[in-house]
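There are 2 protein chains.
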Amino acid sequence: MATGRTHRPATRSRGIPEATVARLPLYLRALTALSERSVPTVSSEELAAAAGVNSAKLRKDFSYLGSYGTRGVGYDVEYLVYQISRELGLTQDWPVVIVGIGNLGAALANYGGFASRGFRVAALIDADPNMAGKPVAGIPVQHTDDLERIIHDNDVSIGVIATPAGAAQQVCDRLVAAGVTSILNFAPTVLSVPDGVDVRKVDLSIELQILAFHEQRKAGEEAAGEPGAVAGNPEDPGQGPDGDVPAVMPA
Amino acid sequence: MATGRTHRPATRSRGIPEATVARLPLYLRALTALSERSVPTVSSEELAAAAGVNSAKLRKDFSYLGSYGTRGVGYDVEYLVYQISRELGLTQDWPVVIVGIGNLGAALANYGGFASRGFRVAALIDADPNMAGKPVAGIPVQHTDDLERIIHDNDVSIGVIATPAGAAQQVCDRLVAAGVTSILNFAPTVLSVPDGVDVRKVDLSIELQILAFHEQRKAGEEAAGEPGAVAGNPEDPGQGPDGDVPAVMPA
DNA sequence: ATGTCTTTGTGAACGCGTGCACAAAGATGG
DNA sequence: CCATCTTTGTGCACGCGTTCACAAAGACAT
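Which chain is which? The protein sequence lines are A and B, in order.
Note that the UniProt record's numbering gives residue 153 to position 153 of the first sequence, counting from 1, and the numbers run on in steps of one.
Note that the UniProt record's numbering gives residue 201 to position 201 of the second sequence, counting from 1, and the numbers run on in steps of one.
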């Protein structure tokens, strides 16, 4: 789960569970694909397979939105696309600013998935004066000094932070002070924000570490029955009673 | 959370819950920062604050690893860094290939967070013949034709997919066939993989959509008490008993 | 040694999310 | 109109994860 939220107890907005909300974009994507192929209706079984989830879960998810299906037939694709879009707030325009136009920021600016779903890159912001005015993805980069004005002029409420870790909290504070209430954070830092501000984080390094854990486990398991495994590290699961004292470990 | 796994029921490897595994990298990062400041010990309260979690949760997480704390004092920073690194499998070298060297792939190749944690970018692979040989982040890009050989020669078990959605499943199949057992997927598609292969996905668009949902909810809530809200869409939360009829009605 | 004080480690309760399994609803055919 | 068949919507039970609250463990001072 690359994603995590800041505290706040429940967040069950109007009864729609958080887990369901997280899956709605998945359903929406599958439905959009069906819509483009002019498929009129789809059963929970088919759609669930396309979205990679359990069909019962999908039906329960949709039940939170209302009863939009027809028994014996399935769901009307167009209708469902509309309902989910509306529920997610994608029927309106969301201006977004991206702060930190390095490799990642540029990649995000160029990412087509934003524009296609109601998100509009309203501005690119970077602290490097040399970047100012230079167009990235057809949008001229602006300097950090103008951050507050940009947020205000474009009525931005969603900000994307793609700066180095050291600058992230400071940028975050300025975004929030300027009125941003939702932040997507790519910097490897824990951001602290006041109540009422949502933060989601995407941490590439953490994802890889989680994969490494499972990878190691898999290697350890098959090494148990099969001595000469792939990437053999001889001492791992033995579990010495007190653990060996470390050498100085890398960062 | 931008992250999700493919099915598989439990995955509680040796008793360490999945949720705990996902937090270990977070603790590790905070501990590393402390270590660099030569802080010798840290209490669960302090560390939890730094990692942005509940202190009880942190203690329970650590309890799955063993009893590494000292009551009345706290945890030894260096020791804990080592233990978590070992648990996550970061004491060994993980060669990684990145497939799809577009904007995002290049950003990933340049991302410093990989190298610092035992992950080594073993190769960059792209389908564009014009890219072949061109260095990105100091590493020459290789052509997709050589994918299987590259995986094999470098004994790669972790692959990163940063291709367009259309190519992702095909690349995935080839990676898996070549021996990759863990995949980090940035393409906006649901990948299907055989049992035993772990997939984590990072989907930028989905993260934004989840933020938009909460943003809309916030706007709706404050609009209830305050008529002239920010981005006013006049008809949203009233919640007509049956929802308003969409443009196209189902049969 | 003994008492006090801090902090860990964990038992237990609670809530959320998941998946099964089935009844109700509607389509379809005769 | 009735029977049958398909597919939804959901009641229910179970398991995981979170949080509280506290006893046990050790440090430290006297």
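From the three backbone atoms N, C-alpha and C, an ideal C-beta is built for every residue, glycine too.
Report the three-state DSSP secondary structure of A167 (chain B) (helix, strand or coil). Helix, per DSSP.
Neighbour list for Y111 (chain A) in chain B, Cβ cutoff strictly below 9 Å: Correct list: N103, L104, L204 and S205.
Beta-carbon separation of S116 (chain A) and E215 (chain B) under 8 Å? Not in contact: S116 (chain A) and E215 (chain B) (Cβ atoms no closer than 8 Å).
Buried or exposed: R200 (chain A), going by 16 or more other Cβ atoms within 10 Å of its Cβ? With 16 or more Cβ atoms within 10 Å of its Cβ, R200 (chain A) is classed as buried.
Partners in chain B for S63 (chain A), counting only beta-carbon separations shorter than 7 Å: Going along chain B, no residue has its Cβ under 7 Å from S63 (chain A), so there is no contact; the nearest lies around 14 Å.
If you scan the stretch 140 to 206 of chain A from start to end, which runs of the alpha helix (DSSP H) of 4 or more residues do you find wholly inside it? Qualifying alpha helix (DSSP H) stretches, in chain order: 147 to 154 and 165 to 178.
Which stretch, first to last residue, makes up the beta strand (DSSP E) that contains Y111 (chain B)? In this chain, Y111 (chain B) is not harboured by any beta strand (DSSP E), its DSSP state being neither H nor E.
CB-CB under 6 Å to G26 (chain B), same chain, minus the five flanking residues each way: which ones, in chain order? In the sequence as displayed, the identity of residue 26 (chain B) is Leu instead of Gly. Here the set comprises A51.
Determine the closest residue to Y64 (chain B) out of B:G72, B:L80, B:V73 and B:A49, with distance taken between C-alpha atoms. When each option's Cα is compared against that of Y64 (chain B), the closest is B:L80.
Three Cβ pairs or more, each shorter than 8 Å: is that satisfied between the stretch 67 to 83 of chain A and the stretch 102 to 111 of chain A? Touching, no.
Can you find a C-beta in chain B that's less than 8 Å from the C-beta of T144 (chain A)? Taking 8 Å as the threshold, the shortest C-beta distance from T144 (chain A) to chain B does not fall below it.
Using the beta-carbon of each residue, which ones in chain A are nearer than 9 Å to A212 (chain B)? Contact annotation for A212 (chain B) against chain A: L88, G89, L90, Q92, W94, R117, G118, F119, I158 and S182 [CB-CB distance below 9 Å, chain order].
From the DSSP output, in three-state form, read off P25 (chain A) for me. Collapsing the DSSP output to three states places P25 (chain A) in a helix.
Exposed or buried, which one is E36 (chain B) when buried takes at least 16 other CB atoms within 10 Å? Its Cβ having fewer than 16 others within 10 Å, E36 (chain B) is exposed.
Within 10 Å of its beta-carbon, does I161 (chain B) have 16 or more other beta-carbons around it, so buried, or fewer, so exposed? Buried.
Between L175 (chain A) and I151 (chain A), how many whole angstroms is the CB-CB distance? I'm expecting something under 8 Å. With a contact defined as Cβ atoms closer than 8 Å, L175 (chain A) and I151 (chain A) qualify at about 7 Å.
What residues are listed by DSSP as bridge partners for G69 (chain B)? Partner residues in the beta bridge of G69 (chain B), as assigned by DSSP, are B:Y75.
Are the beta-carbon atoms of I101 (chain B) and V121 (chain B) separated by less than 8 Å? Taking 8 Å as the cut-off, the beta carbon of I101 (chain B) is found no closer than this to the beta carbon of V121 (chain B).
Apart from the five residues on each side of it in sequence, which residues of its chain come closer than 7 Å, Cβ to Cβ, to D146 (chain B)? In its own chain, leaving out the 5 sequence neighbours on each side, no residue places its CB closer than 7 Å to the CB of D146 (chain B).
Just the chain B side, please: which residues come within less than 8 Å of E215 (chain A) by C-beta, in chain order? Simply G89, W94, S157, I158, T181, S182 and D198.
Quick one, which of B:F119, B:K57 and B:V202 has its alpha-carbon nearest N154 (chain B)'s? Scanning B:F119, B:K57 and B:V202 for the CA closest to the CA of N154 (chain B) turns up B:F119.
Does the CB of K218 (chain A) have a neighbour CB from chain B at under 8 Å? Yes, contact with chain B.
CA-to-CA distance, T70 (chain B) to L31 (chain A), given in whole angstroms: So the alpha carbons of these two residues sit roughly 54 Å apart.
In the DSSP assignment, find the beta strand (DSSP E) that holds L124 (chain B) and state where it starts and stops. Counting along the chain, the beta strand (DSSP E) containing L124 (chain B) begins and ends at F119 to D126.
Taking the alpha helix (DSSP H) that A51 (chain A) falls in, what are its first and last residues? It spans S44 to A51 - the alpha helix (DSSP H) in which A51 (chain A) sits, taken as one unbroken run.
Close-in-space but distant-in-sequence residues of the same chain around T189 (chain B) (CB under 7 Å, 5 per side omitted): Correct list, in chain order: A165, A168 and Q169.
Taking the alpha-carbon positions, what's the V141 (chain A) to N130 (chain A) distance? Rounded to the nearest angstrom, the two C-alpha atoms are 10 Å apart.
The beta strand (DSSP E) spanning I98 (chain A) covers which residue range? From DSSP, the beta strand (DSSP E) with I98 (chain A) extends over W94 to V99.
Contacts of Q209 (chain B) in chain A (Cβ-Cβ under 7 Å): Residues of chain A passing the Cβ test: P25, L88, L90 and R117.
Using a 10 Å radius around the Cβ and a threshold of 16 neighbouring Cβ atoms, would you call S38 (chain B) buried or exposed? S38 (chain B) comes out exposed.
Once the 5 residues before and after P234 (chain B) are set aside, which same chain residues still bring their CB inside 6 Å of it? In this prediction, P234 (chain B) scores a pLDDT of 36, lower than 50, which makes its location untrustworthy; no coordinate-derived value is stated.
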